[in-house]
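Enquirer:
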Amino acid sequence: MKSSSLLLLVLIQIFYDSSISIAQEIHPNWARHDTTDVDGLYGAPFVHTDTDGNIVVCSNDFNPGPLLSMLTTKYTADGQVLWQQKFDLEGQDDPRTSLCDQQNAVYVAGNTGQNSIMGAVPGMVLLKYAANGNLEWSYRYEGPAIGQNYVTRILFDADQNVVVFGNYSNIALVKTGLFAVKLSPDGQVLWSASHVDTEFGFVGVGARWMNDRWVFWGRNSGATDTRYLAWQLTDEGQTITAAQTGLNPAHSPEAVQIGNDGSLYVSTWIKYQVLKFGLDGQKLWEYDKPNNQPLPQGVKARVNVIGTDSVGNVFVYGFFRQIEGAQLLSTKINPQGSLEWEHTTMLNGNRVLPSNLTWLNDSTMLVASTVSTVADSNFYEFAFLLYNQNGFLGAGYSDLQGRRNAPKNMAIANESLYVAGIADKSTFTDPRRQILCKYDLNDLYGLVSTSEKTTLPLIYWPNPASDWVKLYLPQGVNMSTSCLLELRDATGRLVYVQKTAGGDTEIEFPLENLPTGFYLLTLTTGDGGVYVGKVIKH
1074 MKSSSLLLLV
1084 LIQIFYDSSI
1094 SIAQEIHPNW
1104 ARHDTTDVDG
1114 LYGAPFVHTD
1124 TDGNIVVCSN
1134 DFNPGPLLSM
1144 LTTKYTADGQ
1154 VLWQQKFDLE
1164 GQDDPRTSLC
1174 DQQNAVYVAG
1184 NTGQNSIMGA
1194 VPGMVLLKYA
1204 ANGNLEWSYR
1214 YEGPAIGQNY
1224 VTRILFDADQ
1234 NVVVFGNYSN
1244 IALVKTGLFA
1254 VKLSPDGQVL
1264 WSASHVDTEF
1274 GFVGVGARWM
1284 NDRWVFWGRN
1294 SGATDTRYLA
1304 WQLTDEGQTI
1314 TAAQTGLNPA
1324 HSPEAVQIGN
1334 DGSLYVSTWI
1344 KYQVLKFGLD
1354 GQKLWEYDKP
1364 NNQPLPQGVK
1374 ARVNVIGTDS
1384 VGNVFVYGFF
1394 RQIEGAQLLS
1404 TKINPQGSLE
1414 WEHTTMLNGN
1424 RVLPSNLTWL
1434 NDSTMLVAST
1444 VSTVADSNFY
1454 EFAFLLYNQN
1464 GFLGAGYSDL
1474 QGRRNAPKNM
1484 AIANESLYVA
1494 GIADKSTFTD
1504 PRRQILCKYD
1514 LNDLYGLVST
1524 SEKTTLPLIY
1534 WPNPASDWVK
1544 LYLPQGVNMS
1554 TSCLLELRDA
1564 TGRLVYVQKT
1574 AGGDTEIEFP
1584 LENLPTGFYL
1594 LTLTTGDGGV
1604 YVGKVIKH
C-alpha cells in the first residue's frame, strides 16, 4: 500500500492524565516479500538470529500445494538468502515453534498430518538443520499406544540439549496427556516423560525452565468450564508435582505467558481480562476491565499480548471497543494484581491489533501491531509502540507494499530489529506472502517524543453533545496571551480552529455542522501548556 495521507493521530488516555502524539513514519532498511503462499497459522512466521547475525525465518507454505509444508529460510543481515529447506509430507505440515542453538543449527518443531505409525492422523515432528542448511535428523513422538500428538514448544537446557513439550492421545486410556522429551544435539533421546490425569485430558499451553525445574502448563476445556494443570519436572525428567486449578468459565486463552516464578497468566476470550495462577493451582488474582457500553453484537474486547518483567509486573496489550471505536488498550498490573496504569491509544481507523512484544533493553518494550488507514479499514500496516515501566513513550508506522501487512514475530541482533509477518496480497488474486523487514534500533528509539510539555485534561460540558460545547479554560496558567483551540476528528483531520483573546476564561464552540462521532480537543495556552480532551457528537 502506498498512501501519502497515512497520518496516525494517537490519543493516549493515561490513568490520571492525557497526552497527544503523532505517530511518525519509520522506514525499514530493507523489506523482502517472498512469494511463498503462507497461511500465518499458529503464530508463524517465526524469526530468530544466529550468532553470526544471520536471520532464520520459519513459516508454512502452500507452494506447490495443495496442502501446507514447513519452510525454513536463512538470510544474511542484508536480506540475501543463504539457504532454504522445505519439509513436505502428504498431510498438512505446520510449524509451531523454532529455535537457533549456539552452533547456529536451526530446530523447527511442528505438526504433520501424517503419523508414520498410525497413518493419516496428526503427529509432531522435530527437524534439526545444520548451520549450512543440511537436514541432520528428524524426530517423531510416537508408539503403539500413542495416537495423534501435537507439539507445544521446544526449549534448550544449559548443555544445548533440546526439550520438546506437547500433548498426545493415550489410546489405552482414551485420554489426552502431556509429554516431554529431551534429545541430545545428535538426536538421541535422553529421557521421555508423560503425565495423564486420572480424570481429565489436558493439552499443552506453554513451558519454561525455572531455576531447577521444567514447568509445563496444560489446559482442559469443557462445555461449561476450563481448568489448568501445572506439571513440574526435574532436569532428568522426573515428575516433581502436578497441580490443577479450580474451575473457571469455559474459554480458549487468547494470550498466554509464564512468569519467571512459573506462574501462568492467561487471557479470556472476548474480554479484557487476565487471570494469574500459581504452581499450586491457586488463582492468585484476576484483572477484569468491564465493558458496559451499549454496543452491537461482536467482539468488544480482547487481550492479544501478555508480557512480564523480572520482578513480576505484568504488561497487557489488547483492544477495547467503545462508542467512538476500537482502542488499543495498554495496562500495567503489579505483582499483587493491582492496576498501576492504563493507556488508551486511539489510532486512525478501527483496526488496532497488537501481535507481539519484545524488550529492546532492560527498560523499554516495543509492541508490534497492525493499524488500518483512514480510507479503508481492510487495509492495514505495521505499527510500533514504545513503552517503559511508566507508560507510553511514542509510536510509529511503516507504509509497506501490499494491502494487508501484519507483523507476527520479532528478533534483535547487532542494533537491528527484524520483523517477520504476512503481506496479505497486493491484489485479490495474489498469494499471501511472507514479509521480512529490517529496522535500525536507533530509528525506533527516535520514536520517543522529545516534547517536555506537560499535558493535562480539559474541563468542558456537555459530553456527549449535539449543538455546542463549552470549554472552561484552565486556572493557574498564563492567559495574558491568546490560546489556540483545535478540534480533530477520529482520523486526525483538523475540522475546527479557534483563537481566544487574552483574559478569556471560557470558550463556546459549535458542533451542529459536524457529523456524529468522536472528536479530539487540543488547547495550547499562551505559556506553551497543552491540554487535551475528547468529545462525542451525537
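If you read the sequence shown in this note's numbering, its first letter stands for residue 1074, the second for the next number, and so on.
Cβ atoms here follow ideal geometry from the backbone N, Cα and C, with glycine treated the same way.
Measure how close the beta-carbons of Gly1354 and Gln1317 come, nearest whole angstrom, since I'm counting them as under 8 Å.
Expert: Counted from its first residue, the sequence shown places residue 1354 at position 281. Counted from its first residue, the sequence shown places residue 1317 at position 244. Contact holds; Cβ gap of about 5 Å.
Enquirer: Return yes when the Cβ of Leu1337 is within less than 9 Å of the Cβ of Ala1303, no when it is not.
Expert: As a working note, residue 1303 is residue 230 in the sequence shown. As a working note, residue 1337 is residue 264 in the sequence shown. The answer is yes: Cβ separation under 9 Å.
Enquirer: Based on the DSSP output, what are the partners of Ile1379 in its beta bridges?
Expert: For this step, residue 1379 is matched to residue 306 along the sequence shown. DSSP, once it has assigned bridges, lists Val1389 as partnering Ile1379.
Enquirer: Rounded to whole angstroms, what's the CA-CA distance from Asn1487 to Pro1427? Just pull it up for me.
Expert: Numbered from 1 along the sequence shown, position 414 holds the residue referred to as residue 1487. Numbered from 1 along the sequence shown, position 354 holds the residue referred to as residue 1427. Using only the alpha carbons, I get a separation of about 25 Å.
Enquirer: What span of residues does the alpha helix (DSSP H) with Asp1516 cover, start to end?
Expert: Here residue 1516 corresponds to residue number 443 of the sequence shown, with the count starting at 1. Leu1514 to Tyr1518 is the extent of the alpha helix (DSSP H) around Asp1516.
Enquirer: Could you give the DSSP three-state label for Arg1505: helix, strand or coil?
Expert: Residue 1505 sits at position 432 when you count from the first residue of the sequence shown. It is a strand residue.
Enquirer: Throw me the rounded Cβ distance for the Gln1507 and Pro1118 pair, which I believe falls under 8 Å.
Expert: In the sequence shown, the residue the question calls residue 1507 occupies position 434. In the sequence shown, the residue the question calls residue 1118 occupies position 45. With a Cβ gap of about 6 Å, Gln1507 and Pro1118 count as contacting.
Enquirer: Relative to the alpha-carbon of Phe1273, which residue among Val1387, Leu1256 and Leu1246 has its alpha-carbon at the smallest distance?
Expert: Indexing the sequence shown from 1 puts residue 1273 at position 200. Comparing C-alpha distances from Phe1273 to each of Val1387, Leu1256 and Leu1246 shows the shortest one belongs to Leu1246.
Enquirer: Ignore the nearest five residues each way along the sequence and tell me which others in Lys1356's own chain have a CB closer than 6 Å to its CB.
Expert: As a working mapping, residue 1356 is identified with position 283 in the sequence shown. The residues are Phe1350.
Enquirer: What residues are listed by DSSP as bridge partners for Gln1157?
Expert: Within the sequence shown, residue 1157 is the residue found at index 84, counting from 1. In DSSP, Gln1157 forms a bridge with Thr1146.
Enquirer: Taking the alpha-carbon of His1616 as reference, which of Ala1204, Leu1520 and Ala1484 has the nearest alpha-carbon?
Expert: The structure shown does not extend to residue 1616, since the chain spans only 1074 to 1611, so no value can be given for it.
Enquirer: Quick check: what's the CA-CA separation for Asn1536 versus Lys1607?
Expert: Position 463 of the sequence shown, counted from the first residue, corresponds to residue 1536. Position 534 of the sequence shown, counted from the first residue, corresponds to residue 1607. Cα to Cα, the separation comes out at about 9 Å.
Enquirer: Give me the Cα-Cα distance between Asp1616 and Tyr1345, rounded to the nearest whole angstrom.
Expert: Only positions 1074 to 1611 of the chain appear in this structure, which leaves residue 1616 out of reach.
Enquirer: Could you check the C-alpha separation between Asp1259 and Trp1210 for me, to the nearest Å?
Expert: Residue mapping note: residue 1259 aligns to position 186 of the sequence shown, counting from 1. Residue mapping note: residue 1210 aligns to position 137 of the sequence shown, counting from 1. For Asp1259 and Trp1210, the distance between alpha carbons rounds to 8 Å.
Enquirer: In chain order, what residues of the same chain have a beta carbon less than 6 Å from the beta carbon of Ile1128, not counting five sequence neighbours either side?
Expert: Your numbering for residue 1128 matches position 55 in the sequence shown. If we look at Ile1128 and ignore the five residues flanking it on each side, its Cβ neighbours are Thr1122, Tyr1148 and Tyr1491.
Enquirer: From the DSSP secondary-structure annotation, give me the bridge partner or partners of Asn1243.
Expert: Stepping through the sequence shown from its first residue, residue 1243 is reached at position 170. Bridge partners of Asn1243: Ile1219 and Lys1248.
Enquirer: Is the region 1197-1216 in contact with the region 1288-1298, if contact means three or more CB pairs nearer than 8 Å?
Expert: no
Enquirer: Suppose the cutoff is 8 Å on Cβ atoms and the five residues either side in sequence are ignored; what does the same chain contact list for Glu1585 look like?
Expert: Locating residue 1585 in the sequence shown gives position 512, counting from the first residue. Same-chain partners within the cutoff: Ser1539, Asp1540 and Trp1541.
Enquirer: Between the beta-carbon of Phe1238 and the beta-carbon of Ala1204, is there less than 9 Å?
Expert: What you label residue 1238 is simply residue 165 of the sequence shown in a count that begins at 1. What you label residue 1204 is simply residue 131 of the sequence shown in a count that begins at 1. For Phe1238 and Ala1204, no; Cβs fall outside 9 Å.
Enquirer: Which whole-angstrom value is the C-beta distance of Glu1327 and Val1376, which I expect to be below 8 Å?
Expert: Locating residue 1327 in the sequence shown gives position 254, where the first residue counts as 1. Locating residue 1376 in the sequence shown gives position 303, where the first residue counts as 1. 6 Å between Cβ atoms; contact.
Enquirer: When we look at the beta-carbon of Gly1379 and count the other beta-carbons within 10 Å, is it buried (16 or more) or exposed?
Expert: Position 306 of the sequence shown, counting from 1, holds the residue named residue 1379. For clarity, residue 1379 is Ile in the given sequence; the question names Gly instead. Answer is buried; the Cβ neighbour count reaches 16.
Enquirer: Which class does Ser1445 belong to by DSSP, given the choice of helix, strand or coil?
Expert: Residue numbering aside, residue 1445 sits at position 372 when the sequence shown is read from its first letter. Strand, per DSSP.
Enquirer: Tell me Ser1653's beta-bridge partners as DSSP assigns them.
Expert: In the structure displayed, the chain extends from 1074 to 1611; residue 1653 sits before or after that span and is not available.
Enquirer: Here's a check: name, in chain order, each residue in its chain whose Cβ is nearer than 6 Å to the Cβ of Asp1090, leaving out the five neighbours to either side.
Expert: Here residue 1090 is taken as the residue at index 17 of the sequence shown, counted from 1. Because the pLDDT at Asp1090 is just 38, under 50, the model does not fix this residue reliably, and the value given afterwards should be weighed accordingly. Nothing meets the Cβ criterion.
Enquirer: Measuring alpha carbon to alpha carbon, tell me which residue in Asp1513, Gly1295 and Thr1299 is nearest Gly1319.
Expert: For the purposes of this step, residue 1319 is taken as residue 246 along the sequence shown, with counting starting at 1. When only C-alpha atoms are compared, the closest one is Thr1299.
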